[in-house]
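Student:
As structure tokens, this is what we get:
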């Protein structure tokens with residue numbers, strides 16, 4: 002049976018104004034206190050986190066990055082060396098051309 006592993010969560014405030022300036026999507030890593038209390042860790046043990054773009058607080062889009070299933074242990078070991086398994090490998094901001102929101 003497979004194991005579900007770390008999943009990126011990206012919260013994007015959404016504005017429909019055509020001339021709205023897009024705010025940058027910033028990385029947020031959970032504090033050590035949150036990690037200890039919730040056990041929110043990536044495959045490699047680094048703290049879990051998410052990316053956030055603050056905009057219109059009345060409209061939200063939540064995007065859950067797929068690709069978090071490990072069928073075999075080796076799958077998890079390999080994934081732990083990528084951005085899907087380690088927050089240490091995340092950039093400081095989300096590159097929107099990498100997401101469904103860039104279309």
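In our numbering, the protein residues as written are 2 to 104.
Note that the Cβ used here is the ideal one computed from N, Cα and C, for glycine as well.
Just so we're clear, the structure is a prediction, and the values are computed from it rather than from any experiment.
Taking residue 70 as the reference, which of 56, 95, 86 has the closest Cα?
Tutor: 86
Student: Residue 78 lies in the alpha helix (DSSP H); which residues open and close that run?
Tutor: Here the alpha helix (DSSP H) through residue 78 covers 74-80.
Student: Which residue marks the beginning of the alpha helix (DSSP H) containing residue 37, and which one marks its end?
Tutor: Residues 33-39.
Student: Just mark residue 81 as buried or exposed, buried being the case when its beta carbon has 16 or more other beta carbons within 10 Å.
Tutor: buried
Student: With a threshold of 6 Å on Cβ separation, who are the neighbours of residue 89 within its own chain once the five nearest residues in sequence on each side are excluded?
Tutor: 47
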